[in-house]
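Asks: Numbered continuously in my numbering, the sequence shown closes out at residue 420. Note that CB positions come from ideal geometry on N, CA and C, so glycine has one too.
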Amino acid sequence: MKKKEQTLYLECSSGISGDMAVAALLDLGADREVLEHALQSLPAEGFQTAVTRVKKSGLDMCDFHVILDAEHENHDHDMEYLHGHEHAPLHNHKNGHSHEHKRTEETAHVHAHGHRGLPEILRMIGYGDLTERAKQIAVRIFKILAEAEAKAHGVPVDEVHFHEVGAVDSIVDIVAAAVCLDNLNITEVIIPKLNEGQGTVRCQHGILPVPVPAVVNIAEAYRLPICVTETEGELVTPTGAAIAAAIRTSGKLPDTFTVEKVGMGAGKRNYDRPSMLRAMLIRPGVEERDRICKLETNIDDCSGENLGYTMERLMEAGARDVYYTPIYMKKNRPAYQLNIICTEEDVERLEQIVFEETTTIGIRKLPMDRTVLPRETRMVQTPLGEAQVKVCRLNGRERCFPEYSSITALCRKHGRSYREIYQMIQDACM
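#1: Using the Cβ count rule (16 or more neighbours within 10 Å means buried), how would you classify Arg365?
#2: Run through DSSP, which three-state label would Ile272 get?
#3: Can Glu302 be considered in contact with the ligand GTP, in the sense that its beta carbon sits closer than 7 Å to one or more heavy atoms?
#4: Can you name the start and end residues of the alpha helix (DSSP H) that Pro109 belongs to?
#5: Can you give me the start and stop residues for the beta strand (DSSP E) that Met254 sits inside?
#6: For Thr177, is the classification buried or exposed, using 16 other Cβ atoms within 10 angstroms of its Cβ as the cut-off for buried?
#7: DSSP three-state call for Pro392: helix, strand or coil?
#8: Compare the Cα-Cα distances from Pro215 to each of Val206, Gly144 and Tyr314 and report the closest residue.
#9: Can you tell which of Ala232, Glu286 and Leu49 has its C-alpha closest to the C-alpha of Ile351?
#10: Rounded to whole angstroms, what is the Cα-Cα separation between Asn175 and Leu340?
#11: Beta carbon of Glu186, beta carbon of Val200: below 8 Å?
#12: Which term fits Glu270, buried or exposed, when burial requires 16 or more other beta carbons within 10 angstroms of its beta carbon?
#13: Would Phe132 and Leu108 qualify as a contact pair, given that the criterion is a beta-carbon distance under 8 Å?
#14: Measuring only the C-alpha atoms, how far is Ile134 from Ala235?
#15: Counting beta carbon pairs with one atom in the region -4 to 15 and one in the region 261 to 270, are three or more of them shorter than 8 Å?
#16: What residue ranges within the region 206 to 240 form continuous alpha helix (DSSP H) runs of no fewer than 4 residues, ordered along the chain?
#17: How should Tyr(-1) be labelled, buried or exposed, when 16 other C-beta atoms within 10 angstroms of its C-beta is the threshold for buried?
#18: If distances are taken between C-alpha atoms only, which option among Leu363, Leu400 and Tyr394 comes closest to Leu384?
#19: If you count every other CB in all the chains shown that lies within 10 Å of the CB of Gln30, and 16 or more means buried, which is it?
#20: Less than 6 Å between C-beta atoms, sequence neighbours within five positions excluded: which residues of the same chain meet that for Asp311?
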């Protein structure tokens, strides 16, 4: 059976990274066995993964951890290394930063273990036992990352060798995210904005400003909205930004939606805010819907007075609306089309009135779904007395519509114009 297509909302109030994204998707219900099988099929070594539960700010959430052996270890979560620039030794970490790498005898050994170009990475993904869709997602993420790094370093994409992104743990994060997205059958992804920190961060090249160049390049190329916070530190890693750019289909949440499931993914770094990514499977909602009917008939041999009286009877009998449309019938005879909007319960009674009061011998009936705004009737106090208004809500705001009968009653009572009374009632709604 084909899985239901899912809409994902990523709330990146604490940024986004590869491990946070994977953890949040696992917490949403992505199949761990499917993920483990996919990762084990990759032609890579020196790692194992652990999925555990942790607490941040008292909240229970999922943690996805890529555990490296001594040869592949990095300092991605070493806060002293990342931000303690004065005394920290220059080591490597996997934030997604890359550097141009020339193949020399001195660097051949390092390249074999840590440096991979885009072609090598794409071949690794191709060897893995992943679905075609998961492979496509992973490839797209890496290509976005390669383009951003190539621009940052001023070299062609094929000449960029990923020192950190090409490292095993980053490959695992990206492939894992792609497998989980595919497993959940997520087809729409809404990311309104990415919260980012400020200051500087240490990488292989030295000290870089936050957001780092690769993140800025991705945000520029894919129109990712970034909100810089007062947090001193890197909240959005290049890997996280590339994942967001690859899967984002919209930046706007529906006006209303139902949350079907929530996933919380923990980050490893510690800042002034909890490092976490909240993911929600949502079902976009609509405003209140109801079922109505439209009745219509063409009439070419009734007087205007006859039609006017018919309208009055129909409205008194409960029609939601009644109107006439001028038309031409056979032999170019001028006529009117009578249109009635009503509930299904009122159809029979209103049809009877039409047959009684007009010359028609047939009525067309069209059932319809109607979308309506939430609304209510209120009484407001004006300087000239009470008036009835209809109040509707849209996007959290209210709209006020004075009722015709209240307007005309006050007009007649006080000898004021329609426009003056209408505005007075509107002002009373404020």
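Replies: According to the structure data:
#1: exposed
#2: strand
#3: The ligand GTP is absent from the structure shown, which contains no ligands of any kind.
#4: Counting along the chain, the alpha helix (DSSP H) containing Pro109 begins and ends at Leu108 to Tyr117.
#5: Boundaries of the beta strand (DSSP E) around Met254: Phe247 to Ala256.
#6: Exposed.
#7: Strand, per DSSP.
#8: Val206
#9: Closest by alpha carbon: Glu286.
#10: 49 Å
#11: Contact flag set, yes.
#12: Checking the displayed sequence, the identity of residue 270 turns out to be Met instead of Glu. It counts as buried.
#13: yes
#14: 8 Å
#15: yes
#16: As far as the region 206 to 240 is concerned, its whole alpha helix (DSSP H) runs of at least 4 residues are 228 to 237.
#17: buried
#18: Leu363
#19: exposed
#20: Once the five neighbours on either side are set aside, the close Cβ partners of Asp311 are Ile331.
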